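J.: Quick note on numbering: the working numbering labels position 109 of the sequence shown as 343, and the sequence is numbered without any gaps.
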Amino acid sequence: MDFIRSGQKGSFEQYAKENKIPLYKDGKIINVKEIGISEIAQNGVFRDGLFIANSGIVVDTNKGMMKDKAGNEIKLSQQEKNMMKSNPEIAKNIVNLYDSLEKVGLSKLWNLRENIFKSVENTFGLQFDRKDGDFLDEREIKIFFNAILSSIGEKPMKPDLKLNIFLNEIEKINGREITGKERQINSYGETRLESVFINKFMQKGDAFGFKQEAFERALKEGSKNEKNYS
235 MDFIRSGQKG
245 SFEQYAKENK
255 IPLYKDGKII
265 NVKEIGISEI
275 AQNGVFRDGL
285 FIANSGIVVD
295 TNKGMMKDKA
305 GNEIKLSQQE
315 KNMMKSNPEI
325 AKNIVNLYDS
335 LEKVGLSKLW
345 NLRENIFKSV
355 ENTFGLQFDR
365 KDGDFLDERE
375 IKIFFNAILS
385 SIGEKPMKPD
395 LKLNIFLNEI
405 EKINGREITG
415 KERQINSYGE
425 TRLESVFINK
435 FMQKGDAFGF
445 KQEAFERALK
455 EGSKNEKNYS
């Protein structure tokens, strides 16, 4: 039984055995999605081709459109649209990445995700693969965020943390712990980590001038010093 869509990989039978999860109920195999072993799997519901997230985001998996709770369109790449048409379940993982960036104060990096994906794929190879049928599972989301942290000189989070705790720790180092309420932002509306990342890897005055090679060099250097990506 494959349970890749749950955010885990490998043999579900083995996972169930190790975690004492019953495989059968009334003589039938239990649906993996009902067990709740993944935080991502619990972030919304599907209804008539729509994925309605708990955060208020709605994804039309047929049209390949994503809107925030105010009804504003959130741009998706053509690859993301194509992946959703092949597997609508991917919508919840796309939303999870968006919500995670919002939560930790890195929402300005959403529009740079394709650049970041490419560099992380080039650096980590099969450890990070968006084309494996699930977009990004929980393990890959942690690699994504740890790559960002490491590239700007921050210590990566421990990958064995639960996803919500993992993100809470990033949120803390991004400034929320300073006031206990709202995170600090600069005159450009950037959080501390956003500002460091953008200043280091973006060309001044060029919204599309991502320094791909510099980012990949930083990733490779960081991976030599840290073994906590995955």
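Glycine included, each C-beta is placed from N, C-alpha and C at the ideal position. All of these numbers come straight from a predicted model, not from anything done at the bench.
Taking the alpha carbon of G305 as the point to measure from, which residue in N296, L401, I291, S341 has its own alpha carbon closest?
T.: Sequence index remark: in the sequence shown, residue 305 carries index 71 (1-based). Ranking N296, L401, I291, S341 by Cα distance to G305 puts I291 first.
J.: Which one of E348, F358, G359 has the shortest CA to CA distance from F444?
T.: What you label residue 444 is simply residue 210 of the sequence shown in a count that begins at 1. Here the closest residue by C-alpha is E348.
J.: The alpha helix (DSSP H) with D294 in it runs from where to where?
T.: In the sequence shown, residue 294 corresponds to position 60, counting from 1. D294 -> not in any alpha helix (DSSP H); beta strand (DSSP E) instead, spanning 292-294.
J.: Whole angstroms is fine: what's the gap from N496's alpha carbon to L453's?
T.: The first residue shown for the chain is 235 and the last is 464, placing residue 496 beyond what the model contains.
J.: Look at the alpha carbon of E403 and the alpha carbon of M391, and state the distance between them as a whole number of angstroms.
T.: Stepping through the sequence shown from its first residue, residue 403 is reached at position 169. Stepping through the sequence shown from its first residue, residue 391 is reached at position 157. Near 8 Å, if we compare the C-alpha coordinates of M391 and E403.
J.: For L370, name the three-state secondary structure that DSSP assigns.
T.: Position 136 of the sequence shown, counting from 1, holds the residue named residue 370. It is coil, neither helix nor strand.
J.: Assuming I432 is part of the alpha helix (DSSP H), what are its boundary residues?
T.: The count along the sequence shown starts at 1 and reaches residue 432 at position 198. Per DSSP, I432 belongs to the alpha helix (DSSP H) from 426-435.
J.: Pick out the complete alpha helix (DSSP H) segments inside the region 310-383, 4 residues or longer, and give them in chain order.
T.: Correct list: 312-320, 324-338, 347-358.
J.: Please list the terminal residues of the continuous alpha helix (DSSP H) segment that includes I404.
T.: To locate residue 404, count along the sequence shown from 1; it is residue 170. Looking at the DSSP string, the run of the alpha helix (DSSP H) that includes I404 is 397-405.
J.: For G278 versus T295, is the C-beta spacing smaller than 7 Å?
T.: Sequence index remark: in the sequence shown, residue 278 carries index 44 (1-based). Sequence index remark: in the sequence shown, residue 295 carries index 61 (1-based). Cβ atoms of G278 and T295: not closer than 7 Å.
J.: Report buried or exposed for D394, applying the criterion of at least 16 other Cβ atoms within 10 angstroms of its Cβ.
T.: Within the sequence shown, residue 394 is the residue found at index 160, counting from 1. Its Cβ having fewer than 16 others within 10 Å, D394 is exposed.
J.: Ordered along the chain, which non-local residues of its own chain (more than five positions away) have a Cβ less than 8 Å from that of E405?
T.: Translated into positions along the sequence shown, residue 405 becomes position 171. Taken in chain order, the residues that qualify are K337, V338, G339, R417.
J.: Do you know how far the Cα of L335 is from the Cα of L343?
T.: Here residue 343 is taken as the residue at index 109 of the sequence shown, counted from 1. Here residue 335 is taken as the residue at index 101 of the sequence shown, counted from 1. L343 and L335: Cα-Cα distance of roughly 8 Å.
J.: Within 10 angstroms of its Cβ, does E268 collect 16 or more other Cβ (buried), or is it exposed?
T.: Translated into the one-based positions of the sequence shown, residue 268 becomes position 34. Low confidence applies to E268: its pLDDT is 42, below 50, so where it sits in the model is not reliable, and the reading given next is rough at best. So E268 counts as exposed.
J.: Pop quiz: E372 and F362 are said to be a contact at Cβ under 8 Å. What is the actual Cβ separation, rounded to whole angstroms?
T.: On the sequence shown, position 138 is the one that residue 372 refers to. On the sequence shown, position 128 is the one that residue 362 refers to. In fact, because the Cβ distance is near 13 Å, the residues do not count as touching under 8 Å.
J.: Between I264 and I350, what straight-line distance do the alpha-carbon atoms span, to the nearest angstrom?
T.: Here residue 264 is taken as the residue at index 30 of the sequence shown, counted from 1. Here residue 350 is taken as the residue at index 116 of the sequence shown, counted from 1. The predicted position of I264 is uncertain, since its pLDDT is 49 and thus under 50; a value taken from the coordinates is nonetheless stated next. About 37 Å.
J.: Near K243, which residues of its chain fall below 6 Å by C-beta distance, leaving aside the five closest residues on each side in sequence?
T.: Taking the first residue of the sequence shown as position 1, residue 243 is located at position 9. For K243, the predicted structure reports a pLDDT of 46, less than 50, and the residue's modelled location is therefore unreliable. A value from the coordinates is still provided. The answer is none, since no qualifying residue turns up.
J.: Quick one: give me the first and last residue of the beta strand (DSSP E) that K303 is part of.
T.: For the purposes of this step, residue 303 is taken as residue 69 along the sequence shown, with counting starting at 1. Looking at the DSSP string, K303 is not in any beta strand (DSSP E), and its letter there is neither H nor E.
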